[in-house]
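J.: Terminal number for the sequence shown in full-length UniProt numbering: 450, no gaps in between. Each residue gets a CB set at the ideal place from its N, CA and C atoms; glycine is no exception.
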Amino acid sequence: RVDDAEMDSSSNIVEDDPIIAEFDVILCKSDVNAALYRVQYPTRKIDPYESKHLSARFKRSVKLLEMKMKADTQTGSFDRGKAEHLASILSGGRQLAASTAPFRILDEETYIGRCFNSNSPLHYAIGFFVNQTFYLCPMRGTFEMRRSVAYINERGKKNAAAADADSEEVDSESEQAPGPSPIRVRFLRAETEKQKKRREESSLHRSKLIEQDPWIPLEIHSQKEIVSQEKRRLLLEPKEHPDSKLDAPDPEDLIQVAIIGEKMTQLDLDKCDQLISLRRTRHLPEVEQIRALVLKARIITTIEAMQYVSEEITREVFLTYVQDFAHLVHGVWVIKSEMLYQGEHQTALRSARDLALCLITAGLPVRRSDLRQAFGLSIDDLDSILGTFAKIECSAGRRRWVLRVEPDATFGQNKMELDIMVGERRYWHKRWEQIHRYLNVQEAKNKAVA
């Protein structure tokens, strides 16, 4: 229990404590796709950043950092015999053939550190004073680097495994092959949420995640280099602050910076199967807006597309950019086949889809059986291809594939749109000839094999 007198005296001391100086505090904002981490490693006798042979690589998903530094071979604590032993393990136990040549030593040290996610409310930042202003740079986490010899052990295991494999091959030649082993069939049960959580927390699951995450090579720059000076300048660059309520930022702009800006960095427009929100596409640049809209809709008219893009994009601007991602069929924009089916192994899928679009452009019926006979594709593949732009229509007891969007008869009322229609018509004629040559080549190959 604290007496009231003590509380009064302590409060008086705090109130009487004069304020010597006041400083402005500015929270620095990091660049896009950039993060600030603290790297801690054991005390070394040499400065690692003065070495010209310093290298590092990083795994972004699991936050694993690996750094390779040169060892201090001139100090008395350097164990030369141990370094030679480690070098012999890396070389598979083979020493240098020439007796006069010096022994190879391992003068490189590997440090590995991992940054773990923490739910602690305690966060760290780097603070410094510049011109009577206190700057704070928040950090994502800390890498505690530790000396690692795992790569040496793995290399030694590989060399030992190779030697064992050679000896087993020699022994297997003189031994008779064993008989067939019985096959046991096990039926797996559905994994429960508890089992899934336990599996994700296991060390085996974490090791698999680390192996699957690719290495990203990093460039290391000292504080004296121009690149580092430019980064510090960007951190200290003054930001415009509103001086009054009239100049306060718009709430939509705050949402764009705080929420949507972070989501935009995770948006991969190269993945056609990724779901894209129309609210998010409006915050993209003009070209990316149109590209994202074509990827999401697959088939759309110009009138409908103008309702989804931002107001700054005019009809002329849309028609200029949309030709890079879609082709015109009866006044309707259809996504290009090469955006859906990429690579040489999907040439047949692209050709079958474009042939169906050529038939629709020419006013001819599209039948699944004809495409199957021409390209030898399965029913599921053809349904997937035709489903990107067409639907089944039943009329007079016959079924055929037509565009799932009604043709736009209003397209082509000005010179720009007429030029686009002529250019697209020429493209489909040229594409028809390319597909015809492709089918002839495939038919000749099949006859040669037969």
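R367 by DSSP, collapsed to three states: which one?
T.: Coil, per DSSP.
J.: Classify C115 as helix, strand or coil using the three-state DSSP reduction.
T.: Residue state, collapsed to three classes: coil.
J.: What first and last residue would you give for the beta strand (DSSP E) that runs through Q40?
T.: Residues Y37 to Q40.
J.: Go ahead and label G113 buried or exposed: buried means 16 or more other beta carbons lie within 10 angstroms of its beta carbon, across all protein chains shown.
T.: G113 comes out buried.
J.: Sort C394, S310 and P18 by Cα distance to R282 and report the nearest one.
T.: When only C-alpha atoms are compared, the closest one is S310.
J.: How far does the alpha helix (DSSP H) with G412 in it reach, from first residue to last?
T.: Careful: G412 lies outside any alpha helix (DSSP H) and carries neither H nor E.
J.: Taking M339 as part of the beta strand (DSSP E), name the residues at either end of that continuous run.
T.: Premise fails: M339 lies in the alpha helix (DSSP H), S337 to L340, not in any beta strand (DSSP E).
J.: Could you compute how far the alpha carbon of K447 sits from the alpha carbon of I379?
T.: Using only the alpha carbons, I get a separation of about 24 Å.
J.: What did DSSP end up calling Y124 once you bin it into helix, strand or coil?
T.: Note: Y124 maps to coil in three-state DSSP.
J.: Taking the C-alpha atoms as reference points, what is the distance between G363 and F318?
T.: Approximately 27 Å between the Cα atoms of the pair.
J.: What first and last residue would you give for the beta strand (DSSP E) that runs through I300?
T.: I300 -> beta strand (DSSP E) spans I299 to T301.
J.: What does the alpha-carbon distance come out to for the pair K445 and L439?
T.: Distance between the alpha carbons of K445 and L439: 10 Å.
J.: Using three-state DSSP, classify T110 as helix, strand or coil.
T.: Strand at T110.
J.: Starting from A326, follow the beta strand (DSSP E) in both directions and report where the run begins and ends.
T.: Looking at the DSSP string, the run of the beta strand (DSSP E) that includes A326 is A326 to V329.
J.: Would you be able to state if there are at least three C-beta pairs under 8 Å between the region 367–376 and the region 331–346?
T.: Judged by Cβ distances under 8 Å, the region 331–346 makes no contact with the region 367–376, as fewer than three pairs qualify.
J.: Among the candidates Q229, P217 and Q413, whose CA atom is the shortest distance from the CA of R60?
T.: That would be P217, whose Cα lies nearest to the Cα of R60.
J.: Looking only at DSSP bridge pairs, what is P138 linked to?
T.: According to DSSP, P138 bridges with A125.
J.: Taking all protein chains shown into account, decide if F411 is buried (16 or more other Cβ within 10 angstroms of its Cβ) or exposed.
T.: The residue is buried, with at least 16 neighbouring Cβ atoms inside 10 Å.
J.: Relative to the C-alpha of V25, which candidate in Y308, L65 and F128 has its C-alpha closest?
T.: Ranking Y308, L65 and F128 by Cα distance to V25 puts F128 first.
J.: Can we say the region 202–214 touches the region 60–69, given the rule of at least three CB pairs closer than 8 Å?
T.: Yes, the region 202–214 touches the region 60–69.
J.: How many angstroms separate the CA atom of K68 from the CA atom of A326?
T.: Going by the C-alpha atoms only, they are around 48 Å apart.
J.: Sorted by chain position, which residues of the same chain lie with C-beta nearer than 6 Å to S55's C-beta, five sequence neighbours on each side aside?
T.: Around S55: K68.
J.: Which residues in the same chain as I313 place their Cβ atom closer than 6 Å to its Cβ, once the five residues preceding and following it in sequence are excluded?
T.: E286, listed in sequence order.
J.: Straight-line CA distance for G261 to Y308?
T.: Since pLDDT at G261 reaches only 47, below the 50 mark, its modelled position is unreliable, and no value is offered.
J.: Once the 5 residues before and after T142 are set aside, which same chain residues still bring their CB inside 6 Å of it?
T.: Correct list, in chain order: R38.
J.: Leaving out five residues before and five after R367 in sequence, what residues of the same chain have Cβ atoms less than 8 Å from its Cβ?
T.: Excluding residues within five positions, the ones whose Cβ falls inside 8 Å are R400 and W401.
J.: Using a Cβ-Cβ cutoff of less than 7 Å, which residues in the same chain neighbour I385 once the five nearest sequence positions on both sides are dropped?
T.: These residues qualify, in order along the chain: L349, A352 and R353.
J.: In angstroms, rounded to a whole number, what distance separates the CA positions of L96 and R80?
T.: The predicted model places L96 with a pLDDT of 42, which falls under 50 and marks its position as unreliable; any figure quoted below should be read in that light. Cα to Cα, L96 sits roughly 16 Å from R80.
J.: Which whole-angstrom value is the C-beta distance of R147 and Y124, which I expect to be below 8 Å?
T.: With 8 Å as the limit, R147 and Y124 do not qualify as a contact, their Cβ atoms being about 24 Å apart.
J.: Using CA coordinates, which residue listed in A150, I126, R426 and P138 is at the minimum distance from E109?
T.: The candidate whose alpha carbon is nearest that of E109 is A150.
J.: Do L403 and I299 have their CB atoms nearer than 9 Å?
T.: Yes; because the gap between Cβ atoms is below 9 Å, this pair is in contact.
J.: For R315, which residues of its own chain have a beta-carbon under 8 Å away from its beta-carbon, when the five flanking residues on both sides are left out?
T.: Excluding positions up to five away in sequence, the list reads T302 and M306.
J.: On the CB-based measure, 16 or more other CB atoms within 10 Å of its CB, does A34 come out buried or exposed?
T.: Exposed is the call here.
J.: May I ask you to report which of helix, strand or coil DSSP gives F375?
T.: It is helical.
J.: Taking 9 Å as the cut-off, decide whether the C-beta atoms of F389 and V322 are in contact.
T.: For F389 and V322, no; Cβs fall outside 9 Å.
J.: Could you have a look at E393 and say whether DSSP puts it in helix, strand or coil?
T.: Looking at E393 - three-state DSSP - the assignment turns out to be strand.
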